[in-house]
Structures are given as C-alpha cells and as structure tokens.
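Going by full-length UniProt numbering, the letters in the sequence shown line up with residues 4 to 398, in that order.
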Amino acid sequence: LDDLLGEGVSGRRVFVRADLNVPFDKANPGVISDDGRARAVLPTLIALRDAGARVIVASHLGRPKGAPDPKFSLSPVATRLGELLGSPVVFATDTVGESAAAAVSSLEDGQVLLLENLRFNEGETSKDDAVRGAFADELAKFADFYVDDAFGAVHRKHASVYDVPARLPHYAGGLVVKEVEVLRKVSETPEKPYVVVLGGSKVSDKLAVIQALLPKVDKLLVGGGMCFTFLKAQGHEVGKSLLEEEMVATCRQLLAEAGDRLVLPVDVVAATEFSAEADHDISDISEIPADRLGLDIGPKSTELFASAIAGAKTVFWNGPMGVFELAPFAAGTRGVAEAITKIDGFSVVGGGDSAAAVRTLGLDESAFGHISTGGGASLEYLEGKTLPGVAALEK
Ligand code: 3PG
C-alpha cells in the first residue's frame with residue numbers, strides 16, 4: 004500500500020477487498036456484535052481516503068447462495084464503517100449492477116463506497132474459472148488499482164481475492180502485510196518453548212493443522228468441543244458431549260504419535276443441556292455423566308493449561324475452550340486467555356471466535372502480541388498451504 008500511496012492516488016479509483024464478515028447479535032438483528040474486522044481495515048481506508056482516492060470497498064458477509072438475500076446485506080456494515088471513519092460511506096445495493104455502476108461513476112475524490120455482499124453474485128465463489136473470471140472482469144472495470152486487505156479471506160480462491168488482482172495493478176494492504184509477517188515468524192522461527200492452544204467444535208476442521216504443527220510444538224493443548232473426540236479415543240465416556248465418531252481412530256493415532264506433547268483436559272463443566280440456565284457441574288473426565296454434555300474445560304484443566312502456557316516464549320491460540328458466549332461456560336476460555344496475556348514472549352490469537360472471545364470477555368487486547376482477523380486463513384497459513392489471495396499478490 005505504501006508503494007501505491009507513493010505513486011499518488013488522488014482522483015484514482017482504488018478497489019479495496021476487505022473482510023467485513025462481522026458477527027451480528029443473535030438477539031438483535033442488524034446489530035453488529037464485534038466490529039473488530041471493520042476496525043482492522045480502517046488504516047488502509049483512511050490512508051487512501053486522505054490521499055484523495057475514490058475508494059471502492061468490497062467484502063463478503065456470511066454464506067449466501069450466490070443470489071441476493073436481505074439477511075446477508077452489508078448495509079448495516081456500511082453505516083458502521085461510516086461511523087468508524089468519521090465520514091459517510093456510500094452504499095451500493097448491488098455488486099456490479101446499476102446501483103454499483105452509478106455509485107462508482109459519481110464517486111468523488113476522498114469518498115468511500117461499499118458494494119453490496121460479493122457473494123450475492125455466484126461468480127464470486129464459483130469453482131468454474133470462466134464464471135469467476137466474468138465476475139472479476141466486471142469488478143475490475145470499476146477501478147484503476149486493487150488493494151487486498153482482507154486477510155480473513157486470503158485462503159479463498161474467489162473472484163475478488165484471486166481473479167481481480169490478475170486484472171489490475173495490485174497491492175497488499177497494511178493488515179495483510181502485518182498478518183503474513185507475524186504468521187511467517189511464528190511458523191518458521193517460533194521462539195521455544197512453542198505452545199499451541201486449539202479449541203472449537205470439530206477435530207475434522209483442525210486435523211490438517213494438528214498434523215502440521217505436532218512436529219514443531221513443545222505442547223499442543225486441546226480444549227473446546229473437539230476435545231471430546233480425543234477423550235473418547237483415550238477410552239473415556241463423554242456422555243452427550245460433541246463427538247465425531249468417525250474421527251476417533253484418527254485421534255487415537257495422533258495421541259500415540261504426540262506422546263506427552265498433546266495435552267487434554269482432566270475435568271470439564273458438564274451440563275444437562277446447551278443453555279445458560281442448564282443445571283451444570285464439574286466432572287472429572289473419567290466420570291462425565293451419560294446424560295450430560297461438556298460445555299467448558301474445568302478448573303483443574305484451566306490450571307494445567309495455564310501452567311503449560313506460563314513458560315512459553317511463543318503461543319498460538321485458535322478456538323475457545325468452551326461455550327464462552329454463555330456465562331456459566333466462559334471460565335475456561337477466560338482462564339486460558341488470561342494466562343496467554345501473562346507470558347514473557349509473543350502470543351498470537353488466531354482470528355474468528357477466539358478474537359471475538361478476547362473482546363467479548365473484555366480482555367485487554369493490547370496484552371496479546373497479535374490478534375489475527377483470519378481464523379481459517381491463519382490456520383491454513385500454519386498448515387503450510389499456499390493461500391490464493393497471497394499468491395495472487397505475489398505474481
Ligand atoms: C472468516 O470468517 O473466516 C472469513 O471471513 C472467511 O469466511 P468464509 O469461511 O465464509 O469464506
């Protein structure tokens with residue numbers, strides 16, 4: 004981005020791919036519950052706006068099925084972005100249709116425009132290169148330059164991430180640069196001891212990253228819903244807890260390979276149902292009642308994880324330890340997060356739910372080394388995969 008700004012962008016049209024895929028409050032539709040991703044792209048938007056560029060911002064939101072769906076409109080995000088920028092954001096009610104074309108052509112120097120959800124057009128996510136290419140052609144017509152600052156989406160081979168940069172002079176935004184630098188350091192030269200904390204619901208989603216990380220880490224701490232498949236593989240009964248039966252054998256093999264590097268909870272908070280009002284109690288992992296489900300790691304596990312984290316020089320954390328959105332099941336995530344803030348080393352929070360947990364639980368964001376905006380993207384980076392959005396910028 005600095006290179007582009009150095010060339011001068013006054014009066015030029017700059018297409019900025021941002022990741023404005025923000026979570027909404029379930030109880031209050033239209034109310035953004037965590038605007039961290041919108042805040043993260045502000046420096047890029049402000050720099051371009053203040054340099055007099057005509058800024059065309061585009062993003063996806065959720066997973067609509069390639070057609071307009073009001074549930075996934077970016078309209079509330081345009082309003083929020085305007086508040087954060089301190090200047091109104093023009094909103095186009097389509098992506099490459101009449102509204103967008105008119106808004107782009109009447110854009111003034113230093114104005115910011117947000118297009119409607121890119122995924123309202125099937126060309127955005129299509130696996131067919133020609134279909135994606137046709138949509139990318141339309142988007143590219145709007146601009147003179149392309150800037151990718153959507154780190155959260157760089158692992159997607161989508162039109163706005165992969166194909167538009169092939170059609171325009173392209174640049175990495177400051178957020179993408181920072182994220183890639185941090186993850187490169189953590190994955191190539193982590194200062195030891197290196198501790199990874201993984202949570203979240205499914206082992207199947209994390210299998211590849213576990214396999215890639217095991218040879219590199221000193222400890223891999225596993226909590227969240229995914230720990231129950233590992234506990235089952237260890238021979239424990241897990242009651243009604245989340246279980247991926249078909250992954251049990253794989254987990255058994257991983258446990259054997261990892262030895263004492265893979266650390267599992269020793270107790271859990273087990274509840275009668277998935278509800279903040281449910282009757283709940285702490286159970287040792289060998290005594291999870293058949294009619295209960297584990298919704299958080301227990302206090303002994305939190306202590307065990309915290310002591311493994313305490314000596315680390317590098318920590319990467321992805322995925323909550325429990326259902327932190329419900330107060331009775333937030334203590335494990337809070338305890339682990341607090342332990343991470345205290346290390347005498349460098350910590351990275353790997354996006355998505357864990358970044359939202361940091362903010363929702365009111366933890367001090369500045370106490371972490373880096374809070375990534377990309378959950379899936381940072382995991383795929385650590386897996387060693389080529390990220391299409393980064394590859395497109397490197398060409
Ligand atoms: C994310 O939330 O991880 C990014 O915005 C990407 O969203 P996606 O998984 O729907 O592609």
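We treat Cβ as the ideally placed atom computed from N, Cα and C, and that holds for glycine.
Could you tell me whether the Cβ atoms of V58 and V17 are closer together than 7 angstroms? Start at 1 with the first residue of the sequence shown, and residue 58 comes out as number 55. Start at 1 with the first residue of the sequence shown, and residue 17 comes out as number 14. Closer than 7 angstroms, so yes.
So within the stretch 132-202, which uninterrupted alpha helix (DSSP H) runs reach at least 4 residues, ignoring any that extend past its ends? 132-144, 177-191
Hey, out of G297, E280, E341, whose CA is closest to D287's CA? The count along the sequence shown starts at 1 and reaches residue 287 at position 284. Closest option to D287, Cα to Cα, is G297.
For R187, does the count of other Cβ atoms within 10 angstroms reach 16, so buried, or fall short, so exposed? Indexing the sequence shown from 1 puts residue 187 at position 184. Label assigned to R187: exposed.
What is the residue span of the alpha helix (DSSP H) that K235 lies within? On the sequence shown, residue 235 is found 232 positions in, with the first residue counted as 1. 230-236 is the span of the alpha helix (DSSP H), which, as asked, contains K235.
Can you list the alpha helix (DSSP H) stretches of 4 or more residues lying completely in the stretch 319-370, in chain order? 334-344, 355-363
Considering only DSSP beta bridges, list what D270 is partnered with. Position 267 of the sequence shown, counting from 1, holds the residue named residue 270. D287, per the DSSP bridge assignment.
Compute the Euclidean distance between the alpha carbons of P67 and F123, then round it to the nearest angstrom. Taking the sequence shown and counting its residues from 1, the one referred to as residue 67 is at position 64. Taking the sequence shown and counting its residues from 1, the one referred to as residue 123 is at position 120. So the alpha carbons of these two residues sit roughly 7 angstroms apart.
Would you check if the distance between the CB atom of L223 and the CB atom of V199 is smaller than 7 angstroms? Indexing the sequence shown from 1 puts residue 223 at position 220. Indexing the sequence shown from 1 puts residue 199 at position 196. For L223 and V199, yes; Cβs fall inside 7 angstroms.
I need the DSSP call for G297, collapsed to helix, strand or coil. Position 294 of the sequence shown, counting from 1, holds the residue named residue 297. In the structure shown, G297 sits in a strand (DSSP, three-state: E or B).
Heavy atom of the ligand 3PG less than 6 angstroms from the Cβ of A211, yes or no? By one-based count along the sequence shown, residue 211 stands at place 208. Because no heavy atom of the ligand 3PG lies under 6 angstroms away, the Cβ of A211 does not count as near it: no.
With H, G and I counted as helix, E and B as strand and the rest as coil, what does DSSP make of T305? One-based indexing of the sequence shown puts residue 305 at position 302. Helix, per DSSP.
Going by DSSP, name the residue or residues bridged to I374. Numbered from its first residue, the sequence shown carries residue 374 at position 371. Paired residues: V352.
Give me, in chain order, the residues of the same chain whose beta-carbon lies closer than 6 angstroms to that of G355; leave out the 5 immediate sequence neighbours on both sides. Position 352 of the sequence shown holds residue 355. If we look at G355 and ignore the five residues flanking it on each side, its Cβ neighbours are G378.
So L210 is in the alpha helix (DSSP H); what residue range does that whole segment cover? Start at 1 with the first residue of the sequence shown, and residue 210 comes out as number 207. Residues 206-216.
Output needed for L217: all residues of its chain with C-beta closer than 8 angstroms, excluding positions within five of it in sequence on either side, in chain order. Locating residue 217 in the sequence shown gives position 214, where the first residue counts as 1. L223, L257, E260, A261, R264, L265, listed in sequence order.
Enumerate in chain order the residues of its own chain whose CB-to-CB distance from A279 is below 7 angstroms, with the five nearest sequence positions on each side excluded. Counted from its first residue, the sequence shown places residue 279 at position 276. Here the set comprises L329, A330, P331.
I'd like to check one pair, R362 with D37: are the Cβ atoms closer than 7 angstroms? Against the sequence shown, residue 37 aligns to sequence position 34. Against the sequence shown, residue 362 aligns to sequence position 359. Yes, the Cβ-Cβ distance between D37 and R362 is below 7 angstroms.
Between the beta-carbon of P196 and the beta-carbon of A315, is there less than 7 angstroms? Indexing the sequence shown from 1 puts residue 196 at position 193. Indexing the sequence shown from 1 puts residue 315 at position 312. For P196 and A315, yes; Cβs fall inside 7 angstroms.
Compute the minimum distance between the beta carbon of G155 and the heavy atoms of the ligand 3PG, and state whether it is under 6 angstroms. Counting from 1 along the sequence shown, the entry for residue 155 is found at position 152. Within the cutoff, so yes.
Quick check: is any heavy atom of the ligand 3PG less than 6 angstroms from the C-beta of G166? By 1-based counting over the sequence shown, the position of residue 166 is 163. The residue you asked about is not Gly; residue 166 is Asp in the sequence shown. False, no ligand heavy atom lies under 6 angstroms from that Cβ.
Do G301 and D270 have their C-beta atoms within less than 7 angstroms of each other? The sequence position of residue 301 within the sequence shown is 298, counting from 1. The sequence position of residue 270 within the sequence shown is 267, counting from 1. Contact: yes.
Count the other C-beta atoms from every protein chain shown that fall within 10 angstroms of the C-beta of residue 421, then say buried if there are 16 or more, exposed otherwise. Since the displayed the chain opens at 4 and closes at 398, residue 421 lies outside it and no answer follows.
Got a sec: does the ligand 3PG put a non-hydrogen atom nearer than 6 angstroms to the Cβ of D140? The count along the sequence shown starts at 1 and reaches residue 140 at position 137. It does not: the Cβ of D140 is nowhere closer than 6 angstroms to a heavy atom of the ligand 3PG.
Could you confirm whether any beta carbon from chain B is found closer than 7 angstroms to the beta carbon of D287? Note that chain B does not occur in the displayed structure, where there is just one protein chain.
Taking the alpha carbon of A236 as the reference point, which residue from M229, K219, E247, C254 has its own alpha carbon closest? In the sequence shown, counting from the first residue as 1, residue 236 sits at position 233. Of the candidates M229, K219, E247, C254, the residue whose Cα lies closest to the Cα of A236 is C254.
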